[in-house]
Amino acid sequence: MSSIRLRTALPHDRDTVVELIHQLNVFEADLVGDRRRDYDGANTYYDELMARLSRRNGRIVLAEEEGIVVGAMGFSLDQDAAYVAGDVRQHGTVTDLVIHQDWRGKGIGQLLLTEAERLTREAGLKRLMIGALVANERAMRTYGRFGFEPYVAFLKKEL
23 MSSIRLRTAL PHDRDTVVEL IHQLNVFEAD LVGDRRRDYD GANTYYDELM
73 ARLSRRNGRI VLAEEEGIVV GAMGFSLDQD AAYVAGDVRQ HGTVTDLVIH
123 QDWRGKGIGQ LLLTEAERLT REAGLKRLMI GALVANERAM RTYGRFGFEP
173 YVAFLKKEL
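Sequential numbering from 23 applies to the sequence shown in my numbering.
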(Lines of atoms letter the chains of each structure in order from A and count residues from 1; the text may use other names and numbers.)
(Lines give C-alpha, C1' and ligand atoms only; values in the text may rest on other atoms or scores of the structure.)
Protein backbone atom coordinates (compact mmCIF):
# COMPACT_ATOMS: atom_id res chain seq x y z
CA MET A 1 0.00 0.00 0.00
CA SER A 2 3.03 2.26 0.26
CA SER A 3 2.81 3.06 -3.45
CA ILE A 4 -0.59 4.77 -3.02
CA ARG A 5 -0.26 8.55 -3.14
CA LEU A 6 -2.95 10.97 -1.95
CA ARG A 7 -3.52 14.35 -3.55
CA THR A 8 -6.22 16.97 -3.94
CA ALA A 9 -8.22 16.63 -7.16
CA LEU A 10 -7.67 19.27 -9.79
CA PRO A 11 -10.04 20.45 -12.54
CA HIS A 12 -8.41 18.11 -15.08
CA ASP A 13 -9.42 15.13 -12.85
CA ARG A 14 -13.13 15.76 -13.47
CA ASP A 15 -13.74 12.87 -15.90
CA THR A 16 -11.95 10.41 -13.64
CA VAL A 17 -13.94 11.49 -10.58
CA VAL A 18 -17.20 11.41 -12.56
CA GLU A 19 -16.39 7.83 -13.62
CA LEU A 20 -15.90 6.82 -9.97
CA ILE A 21 -19.17 8.53 -8.99
CA HIS A 22 -20.90 6.65 -11.81
CA GLN A 23 -19.52 3.35 -10.51
CA LEU A 24 -20.81 4.20 -7.03
CA ASN A 25 -24.24 5.18 -8.37
CA VAL A 26 -24.60 1.88 -10.24
CA PHE A 27 -23.41 -0.08 -7.20
CA GLU A 28 -25.85 1.75 -4.90
CA ALA A 29 -28.69 1.42 -7.43
CA ASP A 30 -28.37 -2.34 -7.07
CA LEU A 31 -28.69 -1.93 -3.29
CA VAL A 32 -31.52 0.58 -2.97
CA GLY A 33 -32.99 1.10 -6.42
CA ASP A 34 -33.28 4.90 -6.28
CA ARG A 35 -29.90 5.85 -7.77
CA ARG A 36 -29.50 6.98 -11.35
CA ARG A 37 -27.53 4.59 -13.51
CA ASP A 38 -26.90 7.00 -16.37
CA TYR A 39 -23.57 8.76 -16.77
CA ASP A 40 -25.25 12.18 -16.83
CA GLY A 41 -26.46 11.61 -13.26
CA ALA A 42 -22.85 11.23 -12.12
CA ASN A 43 -21.78 14.25 -14.15
CA THR A 44 -24.51 16.43 -12.65
CA TYR A 45 -23.75 15.18 -9.14
CA TYR A 46 -20.09 16.09 -9.60
CA ASP A 47 -21.13 19.71 -10.21
CA GLU A 48 -23.36 19.67 -7.11
CA LEU A 49 -20.61 18.11 -5.03
CA MET A 50 -18.00 20.66 -6.11
CA ALA A 51 -20.37 23.55 -5.36
CA ARG A 52 -21.13 22.12 -1.90
CA LEU A 53 -17.46 21.46 -1.13
CA SER A 54 -16.46 24.97 -2.19
CA ARG A 55 -18.98 26.44 0.28
CA ARG A 56 -17.69 24.21 3.08
CA ASN A 57 -13.93 24.60 2.81
CA GLY A 58 -13.79 21.17 1.21
CA ARG A 59 -12.03 19.22 -1.46
CA ILE A 60 -11.89 15.90 -3.23
CA VAL A 61 -8.93 13.78 -2.20
CA LEU A 62 -7.71 11.25 -4.76
CA ALA A 63 -5.80 8.02 -4.15
CA GLU A 64 -3.39 7.17 -6.97
CA GLU A 65 -1.34 4.09 -7.79
CA GLU A 66 1.43 4.93 -10.25
CA GLY A 67 -0.54 7.89 -11.62
CA ILE A 68 -3.82 5.97 -11.94
CA VAL A 69 -6.70 7.20 -9.76
CA VAL A 70 -8.04 4.26 -7.77
CA GLY A 71 -10.22 6.08 -5.23
CA ALA A 72 -11.75 9.40 -4.28
CA MET A 73 -13.13 10.99 -1.14
CA GLY A 74 -15.08 14.19 -0.68
CA PHE A 75 -14.10 15.97 2.51
CA SER A 76 -15.41 19.18 4.05
CA LEU A 77 -15.49 21.13 7.28
CA ASP A 78 -19.04 21.53 8.54
CA GLN A 79 -21.05 22.89 11.43
CA ASP A 80 -24.04 21.30 13.12
CA ALA A 81 -27.07 23.15 14.46
CA ALA A 82 -26.79 25.38 17.52
CA TYR A 83 -28.19 22.68 19.82
CA VAL A 84 -24.99 20.61 19.41
CA ALA A 85 -22.34 21.24 22.09
CA GLY A 86 -19.75 23.78 21.05
CA ASP A 87 -16.72 21.50 21.30
CA VAL A 88 -18.07 19.14 18.63
CA ARG A 89 -20.42 21.42 16.71
CA GLN A 90 -17.80 21.98 14.03
CA HIS A 91 -16.54 18.77 12.47
CA GLY A 92 -14.99 17.13 9.48
CA THR A 93 -17.28 15.31 7.08
CA VAL A 94 -16.55 12.61 4.56
CA THR A 95 -19.17 13.39 1.93
CA ASP A 96 -18.38 10.60 -0.50
CA LEU A 97 -15.94 7.71 -0.51
CA VAL A 98 -15.57 5.54 -3.58
CA ILE A 99 -12.90 3.06 -4.53
CA HIS A 100 -12.57 1.85 -8.12
CA GLN A 101 -14.25 -1.55 -8.34
CA ASP A 102 -10.96 -3.25 -9.30
CA TRP A 103 -9.22 -1.85 -6.20
CA ARG A 104 -11.74 -2.56 -3.44
CA GLY A 105 -10.59 -4.58 -0.45
CA LYS A 106 -6.98 -3.37 -0.66
CA GLY A 107 -7.06 -0.83 2.21
CA ILE A 108 -7.46 2.27 0.05
CA GLY A 109 -10.65 3.29 1.84
CA GLN A 110 -8.83 3.04 5.17
CA LEU A 111 -6.04 5.21 3.79
CA LEU A 112 -8.52 7.87 2.67
CA LEU A 113 -10.33 7.76 6.02
CA THR A 114 -7.00 8.22 7.80
CA GLU A 115 -6.46 11.31 5.65
CA ALA A 116 -9.93 12.59 6.64
CA GLU A 117 -8.94 12.18 10.29
CA ARG A 118 -5.71 14.06 9.66
CA LEU A 119 -7.51 16.92 7.90
CA THR A 120 -10.06 17.12 10.72
CA ARG A 121 -7.38 17.26 13.40
CA GLU A 122 -5.36 19.76 11.34
CA ALA A 123 -8.42 22.03 11.41
CA GLY A 124 -8.41 21.79 15.21
CA LEU A 125 -11.59 19.68 15.30
CA LYS A 126 -12.27 16.45 17.14
CA ARG A 127 -15.28 14.91 15.38
CA LEU A 128 -15.44 13.27 11.97
CA MET A 129 -18.79 12.36 10.41
CA ILE A 130 -19.63 10.02 7.53
CA GLY A 131 -22.86 8.72 6.06
CA ALA A 132 -23.58 5.38 4.43
CA LEU A 133 -26.55 3.55 3.04
CA VAL A 134 -27.64 0.94 5.56
CA ALA A 135 -27.93 -1.51 2.67
CA ASN A 136 -24.24 -1.00 1.87
CA GLU A 137 -23.11 -3.58 4.39
CA ARG A 138 -19.50 -3.54 3.20
CA ALA A 139 -19.22 0.22 3.79
CA MET A 140 -20.94 -0.09 7.15
CA ARG A 141 -18.45 -2.80 8.23
CA THR A 142 -15.48 -0.79 6.92
CA TYR A 143 -16.56 2.35 8.75
CA GLY A 144 -17.27 0.39 11.91
CA ARG A 145 -13.81 -1.19 11.85
CA PHE A 146 -12.38 2.29 11.43
CA GLY A 147 -14.09 3.36 14.67
CA PHE A 148 -17.23 5.06 13.41
CA GLU A 149 -20.36 4.29 15.39
CA PRO A 150 -24.04 4.99 14.68
CA TYR A 151 -25.06 8.53 15.55
CA VAL A 152 -28.15 9.56 13.56
CA ALA A 153 -30.50 7.35 11.58
CA PHE A 154 -32.45 8.69 8.62
CA LEU A 155 -35.61 6.73 7.97
CA LYS A 156 -37.68 6.82 4.80
CA LYS A 157 -41.22 6.08 3.85
CA GLU A 158 -42.22 5.76 0.22
CA LEU A 159 -45.57 7.39 -0.50
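Built from N, CA and C at the ideal position, the CB exists for glycine as well.
As assigned by DSSP and simplified to three states, the class of residue i
| i | result |
| --- | --- |
| R140 | helix |
| F170 | coil |
| A175 | coil |
| R149 | coil |
| G96 | strand |
| V83 | strand |
| H122 | coil |
| L133 | helix |
| G55 | coil |
Classification of residue i by the beta-carbon crowding that lies within 10 angstroms, buried from 16 upward
| i | result |
| --- | --- |
| G55 | exposed |
| A138 | buried |
| E50 | buried |
| V116 | buried |
| D37 | exposed |
Proximity of residue i and residue j at Cβ, strictly below 8 Å
| i | j | result |
| --- | --- | --- |
| G114 | L135 | no |
| R57 | N47 | yes |
| F97 | G108 | no |
| V91 | L99 | no |
| V110 | R149 | yes |
Option in the options with minimal Cα separation from residue i
| i | options | result |
| --- | --- | --- |
| G131 | D69, R163, K179, F176 | R163 |
| F176 | K128, L84, I152, F49 | I152 |
| L155 | G169, E144, V174 | V174 |
| I26 | L141, A145, L133, L42 | L133 |
| T142 | H34, G93, R78, A73 | R78 |
| H44 | I121, A103, A31 | I121 |
| E41 | V116, G93, V110 | G93 |
CB contact check: residue i to chain B, cutoff 8 Å
| i | result |
| --- | --- |
| D118 | Absent from the structure is chain B; it holds one protein chain and no more. |
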